[in-house]
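> Under our numbering, the first residue of the sequence shown carries the number 174, and numbering increases by one thereafter. Glycine is no exception: its CB is placed at the ideal position from the N, C-alpha and C atoms. Sharing a structure, written as structure tokens. Questions coming.
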Amino acid sequence: MQIKLTESNRALSEVIQLINLNQREQKLGINTLQELTSFKDDVPSYKAVGRIFISESLPSLREQLKENISKSEELVKKLESKKDYLKKQVKSDEDDLKELVNQIQTKGKKDAK
């Protein structure tokens, strides 16, 4: 019972970390997209690929950023629903553990009499 609770808590913290990471990436993408919209389409632009930079058209970069932002939004929504489920699971596990402890304590008191 306690192991199940520990595993649920671990899974919940992992999901929270993933949500934070994706929200950070989303904000970074939005800020970058805002900066890129201030440039004209004919401005030379480059995309980092590993250790090198590849020439890429500015409209293409904007489109890729929009796609990445929307993917992050979708992933955050999925992770939020998973987080809600895990919170309910942790609460249920805690309640079950408390109930088990109470049963053991009441049984111990009855046996002591």
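(1) Go ahead and pull the three-state DSSP assignment for S228.
(2) Entirely within the stretch 227-286 and at least 4 residues each: give me those alpha helix (DSSP H) ranges in chain order.
(3) Pairs of beta-carbons, one from the stretch 254-263 and one from the stretch 185-194, closer than 8 Å: are there three or more?
(4) Taking DSSP as the reference, what is the three-state secondary structure of K177?
(5) For V216, name the three-state secondary structure that DSSP assigns.
(6) Quick one: is F226 near chain C, going by C-beta distance under 9 Å?
(7) For L270 versus Q175, is the C-beta spacing smaller than 9 Å?
A quick look at the data gives this:
(1) Of the three classes helix, strand and coil, the one that applies to S228 here is strand, per DSSP.
(2) Uninterrupted alpha helix (DSSP H) stretches at least 4 residues long and entirely within the stretch 227-286 occur at 231-285, given in chain order.
(3) Result yes; three or more Cβ-Cβ pairs closer than 8 Å.
(4) Helix at K177.
(5) Residue state, collapsed to three classes: coil.
(6) The structure shown contains no chain C; it holds only a single protein chain.
(7) Contact: yes.
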